[in-house]
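Enquirer: Residue numbers (this note's numbering), protein chains in the order written: chain A, 3 to 261; chain B, 3 to 261.
Ideal placement from N, C-alpha and C gives every residue a C-beta, glycine not left out.
I am attaching a structure below and will ask some questions about it afterwards.
There are 2 protein chains.
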Amino acid sequence: MNKPTANQRIVLLGAGNVATHLGVALQQKGFPIVQVYSRTRQSAQELGEKLHTDFTTDLSAINPDADIYIFSVKDAVLPELLDEMDDFSGLFVHTAGSVPLSVFEGHASRFGVLYPLQTFSKNRVLTFDHIPIFVEANFKEDENLLKEVAAQLSQRVIPLSSEKRKYLHLAAVFACNFTNHMYALSSEILEENNLDGSLLSPLIEETAAKIKELHPKEAQTGPAVRYDKGVIDRHLSMLNGDKAAIYEIVSKSIHRRSQ
Amino acid sequence: MNKPTANQRIVLLGAGNVATHLGVALQQKGFPIVQVYSRTRQSAQELGEKLHTDFTTDLSAINPDADIYIFSVKDAVLPELLDEMDDFSGLFVHTAGSVPLSVFEGHASRFGVLYPLQTFSKNRVLTFDHIPIFVEANFKEDENLLKEVAAQLSQRVIPLSSEKRKYLHLAAVFACNFTNHMYALSSEILEENNLDGSLLSPLIEETAAKIKELHPKEAQTGPAVRYDKGVIDRHLSMLNGDKAAIYEIVSKSIHRRSQ
């Protein structure tokens with residue numbers, strides 16, 4: 003633990019969006035990424051080549067001498083990987099919002115979480131500077147180590163329990179995934195009517211910008227606030243597929259909170 | 003119609019968010035706002051004073067000599083107002099996304115629409131420069147006049163039929179009002195768990211920024227994409243009120259589009 007933070011040798015397990023963005027960012031800050039593991043050869047190779055490092059699809063070939071093993075795999079896959087990995091002395095860390103720290107119990111002696119709260123897409127450049135990173139570990143020294151590692155990436159590093167983190171992740175599903183789906187449904191309506199999708203850009207930007215100054219409940223506008231039945235019924239009659247059901251339930255939910 | 007555009011004398015009917023933002027912006031561009039009407043005295047007076055102009059709550063006292071009458075009132079109120087306003091020779095214009103041009107038929111000889119596609123909140127400064135403004139009129143000369151007026155406010159002025167405009171407005175409800183409601187539900191979850199609302203700001207910004215480069219369907223991430231039942235069931239068990247029903251219907255809708 004007396005090694006300087008930036009010399010921590012890292013193995014990445016997983017080669018998806020989070021692993022890729024995190025691997026690139028850690029390497030840029032000087033951390034040696036000594037190996038990349040992925041179940042699929044193509045993913046392992048792509049990320050290995052991107053980081054100019056060793057890659058493998060074989061769990062038994064994982065480098066046993068790394069300092070930190072970062073698991074960025076699908077939630078359901080993590081326990082399967084852990085079942086096959088014994089006798090590592092390095093710090094095991096996952097990056098998932100909804101997986102408790104306790105997932106590592108019985109599989110490692112030192113373990114932690116490093117959860118960057120952001121939506122990661124391949125082919126999209128991101129800087130970590132302002133992305134909040136939430137850390138947790140079973141030993142205080144490892145929590146401190148993860149704080150130091152995370153502080154190399156972001157100005158906003160926050161220790162957070164698994165219990166709190168799972169609610170944070172749930173809130174993020176609404177604020178990010180569900181918001182993005184509203185954009186997707188909106189795009190469908192435009193496309194079905196041969197209207198240019200970019201027409202909504204200023205509206206989308208302002209909707210996101212506004213809530214930095216106003217609470218979203220104060221910022222709400224539109225027909226659902228006062229449940230303008232004339233407009234709402236006309237809108238429902240214009241919608242196809244599952245959009246009508248979503249329109250109705252969300253409008254009622256808006257109205258309920260504006261009374 | 004030979005009067006220069008910027009000399010068009012304007013009466014504003016309505017004193018809500020759209021009327022206020024539009025009135026301020028038009029006045030800044032040099033248009034004389036000769037009168038403000040609102041049913042409620044306080045609103046009429048507030049906007050009248052803000053624009054240093056005459057205000058009234060009496061429809062029979064509306065200035066008969068204005069060039070343009072801009073109606074920014076609730077959709078259901080517009081027909082009631084029109085029923086009581088006869089014998090005006092000026093151009094009647096409304097600013098609503100979902101109200102057809104034909105609402106004016108039988109109530110005026112010259113009429114049009116000037117629809118700024120944006121979410122307007124009081125106490126929030128906005129510039130119109132990049133806000134798309136959609137115009138329509140029953141005479142070509144008046145459509146041209148509205149184009150010129152709108153061009154004083156924004157670089158993006160687009161003639162659009164009532165039929166197309168109603169779908170644009172519907173798409174905007176999803177992209178703005180429903181998106182904002184996802185922020186509101188997300189805030190509720192954070193508040194219920196004593197988590198700081200600003201933690202989600204970088205995520206919300208990136209979610210909005212990402213779709214300038216990626217189609218929202220390409221940009222989607224999170225448990226609903228592959229319908230990760232483990233995570234989704236855990237999330238559903240953590241939700242109260244109407245949030246569980248919304249979570250479920252939106253997750254299914256995301257999954258359906260990612261297959």
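Could you spell out the range, first to last residue, of the alpha helix (DSSP H) harbouring P218/B?
Expert: Along the second sequence, one-based indexing puts residue 218/B at 216. P218 to A221 is the span of the alpha helix (DSSP H), which, as asked, contains P218/B.
Enquirer: So, with DSSP's three-state summary, where would you put L128/A?
Expert: For the purposes of this step, residue 128/A is taken as the residue at position 126 of the first sequence. L128/A falls in the coil class under three-state DSSP.
Enquirer: Going by DSSP in three states, G114/A sits in which element: helix, strand or coil?
Expert: For the purposes of this step, residue 114/A is identified with residue 112 of the first sequence, where counting begins at 1. Reduced to three states, the DSSP call for G114/A is strand.
Enquirer: Kindly indicate if chain A contains any beta-carbon less than 9 Å away from that of M184/B.
Expert: Reading the second sequence from its first residue, position 182 is the one you call residue 184/B. Interface residue, yes.
Enquirer: Would you kindly work out how many angstroms separate the C-alpha atoms of H217/B and L238/B, rounded to a whole number?
Expert: For the purposes of this step, residue 217/B is taken as the residue at position 215 of the second sequence. For the purposes of this step, residue 238/B is taken as the residue at position 236 of the second sequence. Cα to Cα, H217/B sits roughly 28 Å from L238/B.
Enquirer: Go ahead and pull the three-state DSSP assignment for V137/A.
Expert: Your numbering for residue 137/A matches position 135 in the first sequence. V137/A falls in the strand class under three-state DSSP.
Enquirer: Pull out every residue of the stretch 229–251 of chain A whose Cβ sits closer than 7 Å to any Cβ of chain B, in chain order.
Expert: With the criterion set as a beta carbon lying under 7 Å from some beta carbon of chain B, the members of the stretch 229–251 of chain A are D230, G232, V233, R236, H237, M240, D244, A247, I248 and I251, in sequence order.
Enquirer: Bridge partners of L147/B, per DSSP?
Expert: Start at 1 with the first residue of the second sequence, and residue 147/B comes out as number 145. Bridge partners of L147/B: none, in fact.
Enquirer: Please state whether DSSP places H183/B in a helix, a strand or coil.
Expert: Position 181 of the second sequence, counting from 1, holds the residue named residue 183/B. Helix, per DSSP.
Enquirer: Relative to the C-alpha of K52/B, which residue among T22/B, E143/B and P34/B is closest?
Expert: The residue given as residue 52/B occupies position 50 in the second sequence. Comparing Cα-Cα distances from K52/B to each of T22/B, E143/B and P34/B, the minimum goes to T22/B.
Enquirer: Report the residue ranges of all alpha helix (DSSP H) runs contained in full by the stretch 146–176 of chain B; include only those spanning at least 4 residues, in chain order.
Expert: 164–174
Enquirer: Measuring only between beta-carbons, confirm whether R259/B sits less than 9 Å from chain A.
Expert: Walking along the second sequence from the start, residue 259/B turns up at place 257. R259/B has a beta carbon lying within less than 9 Å of a beta carbon in chain A.
Enquirer: Under 8 Å Cβ-Cβ, which residues of chain B neighbour R126/A?
Expert: Position 124 of the first sequence, counted from the first residue, corresponds to residue 126/A. Those within 8 Å of R126/A in chain B are K212, E215 and L216.
Enquirer: Hey, A8/A and G25/A are a contact pair by Cβ (cut 8 Å); roughly how many whole angstroms apart?
Expert: Position 6 of the first sequence, counted from the start, is the residue given in the question as residue 8/A. Position 23 of the first sequence, counted from the start, is the residue given in the question as residue 25/A. About 15 Å separates the two Cβ atoms, so there is no contact after all.
Enquirer: Please state whether the Cβ-Cβ distance between K212/A and N182/B is less than 9 Å.
Expert: For this step, residue 212/A is matched to residue 210 along the first sequence. For this step, residue 182/B is matched to residue 180 along the second sequence. Cβ distance < 9 Å, so K212/A and N182/B count as in contact.
Enquirer: Take the Cβ of Q10/A as the centre, count every other Cβ of all protein chains shown within 10 Å, and call the residue buried at 16 or more, exposed below.
Expert: Along the first sequence, one-based indexing puts residue 10/A at 8. Sixteen is the threshold: when 16 or more other Cβ atoms of the shown chains lie within 10 Å of the Cβ of Q10/A, as they do, the residue is buried.
Enquirer: Which residues in the same chain have their Cβ closer than 6 Å to the Cβ of M3/A, if we skip the five residues on either side of it in sequence?
Expert: On the first sequence, residue 3/A is found 1 positions in, with the first residue counted as 1. With a pLDDT of 45 at M3/A, under the threshold of 50, the modelled position of that residue is not reliable, and the figure given next carries that caveat. For M3/A, where only same-chain residues beyond five positions count, the Cβ hits under 6 Å are E143.
Enquirer: So for Q30/B, helix, strand or coil by DSSP?
Expert: Translated into the one-based positions of the second sequence, residue 30/B becomes position 28. DSSP places Q30/B in helix when its eight states are reduced to three.
Enquirer: Only counting the same chain, and skipping five residues up and downstream in sequence, which positions put a Cβ closer than 7 Å to that of N179/A?
Expert: Mapped onto the first sequence, residue 179/A falls at position 177. Once the five neighbours on either side are set aside, N179/A has no close Cβ partner at all.
Enquirer: What are the partner residues of T58/A, as DSSP defines its beta bridges?
Expert: Locating residue 58/A in the first sequence gives position 56, counting from the first residue. Answer is Y39/A.
Enquirer: For Y169/A, would you say it is in contact with chain B, using Cβ-to-Cβ distances shorter than 9 Å as the test?
Expert: Along the first sequence, one-based indexing puts residue 169/A at 167. Output row for Y169/A: interface = yes.
Enquirer: Considering just the uninterrupted stretch of the alpha helix (DSSP H) at L83/B, what are its terminal residues?
Expert: To locate residue 83/B, count along the second sequence from 1; it is residue 81. Unbroken alpha helix (DSSP H) run through L83/B: V79 to D85.
Enquirer: Which value, in whole angstroms, describes the spacing of the CA atoms of Y155/B and I72/B?
Expert: For the purposes of this step, residue 155/B is taken as residue 153 along the second sequence, with counting starting at 1. For the purposes of this step, residue 72/B is taken as residue 70 along the second sequence, with counting starting at 1. Sequence check: residue 155/B is Leu here, not Tyr. Spanning the two alpha carbons is a distance of roughly 15 Å.
Enquirer: Taking C-beta pairs closer than 9 Å, name the residues in chain B that L119/A reaches, listed in chain order.
Expert: On the first sequence, residue 119/A is found 117 positions in, with the first residue counted as 1. The answer, in chain order, is L201, L202, P204 and L205.
Enquirer: Taking Cβ positions only, does S188/A come closer than 9 Å to chain B?
Expert: Reading the first sequence from its first residue, position 186 is the one you call residue 188/A. For S188/A, the answer is yes, since a Cβ of chain B falls inside 9 Å of its Cβ.
Enquirer: Taking three-plus beta-carbon pairs below 8 Å as touching, is the stretch 164–175 of chain B in contact with the stretch 114–131 of chain B?
Expert: The stretch 164–175 of chain B is in contact with the stretch 114–131 of chain B.
Enquirer: When you compare only the Cα positions, how much space is there between V105/B and P81/B?
Expert: In the second sequence, the residue the question calls residue 105/B occupies position 103. In the second sequence, the residue the question calls residue 81/B occupies position 79. So the two alpha carbons sit approximately 7 Å from each other.
Enquirer: Q222/A versus chain B: which residues are under 8 Å apart at the beta carbon?
Expert: Counting from 1 along the first sequence, the entry for residue 222/A is found at position 220. Counting only Cβ-Cβ distances below 8 Å, Q222/A has contacts in chain B at N179, N182, H183 and A186, in chain order.
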